[in-house]
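In the working numbering, the protein residues as written are 4 to 379. Beta carbons are placed, not taken as given, at the ideal position from N, Cα and C, and that holds for glycine. Predicted, not measured: the structure shown is a model, and the values here were computed from it.
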Ligand SMILES: Cc1ncc(COP(=O)(O)O)c(C=O)c1O
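Okay, structure coming up:
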């Protein structure tokens, strides 16, 4: 019997996306056209910020957000080592130093209790990452930022539509960045969005993404050292179609997460399902479990599941233990224990719109059979 394949992620693309992209292709305007403006406008409506500036990736967006927040050589930025590497890298891009804070072991987000002890005269900002679709605990973070006059920048790349005590991800700081790689809640193929309530930040980012051209300048006049971080019109067209159905898509993701929770909660001695903190609305970027048995070999579990065509991934490696971070700052194993424990034991399961309850049950059944086999 042919086994059904379960990829780890899959975009949800419909007829609307096809229609809008075709419209762009037929218009002949493939970049710097109407669609990017429309996408940005819809995005501000969805998030509730005044401005949105579409860019070619979340990474590019974070880079520009750092520049716009005036983070410079010699500054320090507080952030988490348990993230996709792009968050910390964006701090390095502007010559500043990422100062890592360990995570809360339940939500995997930065632990606000550990922030204050790492603040120095050089600290300029906090880059808060909302991991896996769940926001960090923003109340104490906001209080610390206020007390020490630090800027907040949100890396909301994984958490569009998430909220914390009723307030949307992306509305807490100077600027926030979202990302649209095909594994995200909404996709544009590649792409990202910077949101802000400050016109100055919007204007600067809009110029920097387009080679530093200022608004009223001629094509070949450049006011700043800029970049080519433009989002093309086809991608913006896909983004519009995705935004039109984002509420439904996030609801579908919640439904699938609930099925996983239901089947996994019966096995709390083997697996810790994701935990949503009180007051948080999760928007489910990925479904990540923690393997609990002491001597579990995660690689074996991944390989055995792969033989069943169930594709899973370690999520995420600890940033401070990547070679160049070790070399730059002398980090070593043991520096951030909660992060390292999560990095050693966490596993992302297949998670995408289209999974049925019976698929989820099958995946969980297979996972548990294999865990039990390799537990010792
Ligand atoms: C937390 C986080 N930050 C930044 C990024 C970078 O986004 P992109 O891949 O669009 O550059 C990602 C993407 O996966 C992410 O998960």
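Find the nearest neighbour of residue i within the set the options, judged by alpha-carbon distance.
| i | options | result |
| --- | --- | --- |
| residue 62 | 212, 279, 237 and 93 | 93 |
| residue 238 | 5, 189 and 177 | 189 |
| residue 280 | 41, 112 and 21 | 112 |
| residue 291 | 242, 243, 105 and 12 | 12 |
| residue 132 | 15, 119 and 156 | 156 |
| residue 3 | 30, 8, 55 and 6 | The chain is shown from 4 up to 379; residue 3 falls before or after that span and cannot be answered. |
| residue 176 | 69, 88 and 265 | 69 |
| residue 80 | 278, 232 and 128 | 128 |
| residue 337 | 67, 19, 14 and 104 | 104 |
| residue 246 | 352, 276, 183 and 230 | 183 |
| residue 252 | 14, 370, 10 and 102 | 14 |
| residue 107 | 118, 101, 98 and 99 | 118 |
| residue 41 | 243, 66 and 186 | 243 |
| residue 264 | 313, 212 and 363 | 363 |
| residue 353 | 303, 289 and 278 | 289 |
| residue 355 | 10, 31 and 313 | 10 |
| residue 258 | 27, 48 and 360 | 360 |
| residue 65 | 141, 240 and 208 | 208 |
| residue 141 | 126, 169, 135 and 160 | 169 |
| residue 230 | 200, 212, 309 and 224 | 212 |
| residue 102 | 138, 223, 49 and 332 | 332 |
| residue 110 | 26, 376, 374 and 278 | 278 |
| residue 240 | 20, 7 and 8 | 20 |
| residue 370 | 143, 309 and 202 | 309 |
| residue 298 | 376, 365 and 358 | 376 |
| residue 300 | 174, 374 and 97 | 374 |
| residue 44 | 197, 24, 178 and 25 | 197 |
| residue 315 | 330, 329, 357 and 367 | 367 |
| residue 172 | 143, 134 and 205 | 134 |
| residue 46 | 330, 319, 329 and 248 | 248 |
Given a threshold of 16 other Cβ atoms within 10 Å of its Cβ, counted over all protein chains shown, does residue i qualify as buried or as exposed?
| i | result |
| --- | --- |
| residue 146 | exposed |
| residue 115 | buried |
| residue 306 | exposed |
| residue 262 | buried |
| residue 372 | exposed |
| residue 327 | exposed |
| residue 124 | exposed |
| residue 380 | Nothing in the structure corresponds to residue 380, since the chain is present only between 4 and 379. |
| residue 17 | exposed |
| residue 227 | exposed |
| residue 216 | buried |
| residue 90 | buried |
| residue 158 | buried |
| residue 283 | buried |
| residue 286 | buried |
| residue 4 | exposed |
| residue 100 | buried |
| residue 335 | exposed |
| residue 77 | exposed |
| residue 154 | buried |
| residue 381 | With the chain represented from 4 up to 379, any question about residue 381 goes unanswered, as that position is not in the structure. |
| residue 210 | buried |
| residue 236 | buried |
| residue 136 | buried |
| residue 53 | exposed |
| residue 256 | buried |
| residue 22 | exposed |
| residue 187 | buried |
| residue 8 | exposed |
| residue 31 | exposed |
| residue 358 | buried |
Say whether chain C places a C-beta atom closer than 8 Å to the C-beta of residue i.
| i | result |
| --- | --- |
| residue 248 | Annotation note: the requested chain C is absent from the structure, which comprises a single protein chain. |
Across the stretch 69 to 88 and the stretch 335 to 343, are there enough close Cβ pairs to call them in contact, namely three or more that are closer than 8 Å? Here the stretch 69 to 88 lies against the stretch 335 to 343, with 3 or more beta-carbon pairs under 8 Å apart.
So, do the stretch 20 to 35 and the stretch 159 to 169 have three or more beta carbon pairs nearer to each other than 8 Å? No, the stretch 20 to 35 does not touch the stretch 159 to 169.
Take every Cβ of the stretch 186 to 196, pair it with every Cβ of the stretch 51 to 68, and state whether three or more of those distances are shorter than 8 Å. Taking 8 Å as the limit for Cβ pairs, the verdict is that the stretch 51 to 68 does touch the stretch 186 to 196.
Can you find at least 3 beta carbon pairs, one from the stretch 64 to 77 and one from the stretch 258 to 275, that sit closer than 8 Å? Put simply, the stretch 64 to 77 does not touch the stretch 258 to 275. Fewer than three CB pairs are less than 8 Å apart.
Mind the definition here: the stretch 319 to 337 touches the stretch 252 to 270 only if three or more C-beta pairs lie below 8 Å; say whether that holds. Segments in contact, no.
Does the stretch 285 to 299 come into contact with the stretch 344 to 356, if we say contact requires no fewer than three beta-carbon pairs (one atom in each stretch) closer than 8 Å? Touching, yes, given that three or more Cβ pairs across the two stretches are closer than 8 Å.
Scan the stretch 74 to 157 and note each continuous alpha helix (DSSP H) run of 4 residues or more that stays entirely inside, going in chain order. List check, alpha helix (DSSP H) in window: 89 to 96 and 141 to 150.
Taking only runs that begin and end inside the stretch 148 to 222, name each unbroken beta strand (DSSP E) of 3 or more residues, in chain order. If only complete runs of 3 or more residues are kept, the stretch 148 to 222 shows the beta strand (DSSP E) at 154 to 158, 178 to 182 and 195 to 199, in order along the chain.
Which whole runs of the alpha helix (DSSP H) in the stretch 273 to 330 are 4 residues long or more, in chain order? Within the stretch 273 to 330, the runs of alpha helix (DSSP H) at least 4 residues long that lie entirely inside it are, in chain order, 301 to 310.
Which runs of the alpha helix (DSSP H), 4 residues or longer, sit entirely within the stretch 221 to 273? Runs of the alpha helix (DSSP H) inside the stretch 221 to 273: 236 to 247 and 249 to 267.
If you scan the stretch 327 to 353 from start to end, which runs of the beta strand (DSSP E) of 3 or more residues do you find wholly inside it? 349 to 352, all fully within the stretch 327 to 353.
Only counting runs of 4 or more residues, tell me where the alpha helix (DSSP H) segments fall wholly within the stretch 19 to 51, in order along the chain. Qualifying alpha helix (DSSP H) stretches, in chain order: 37 to 50.
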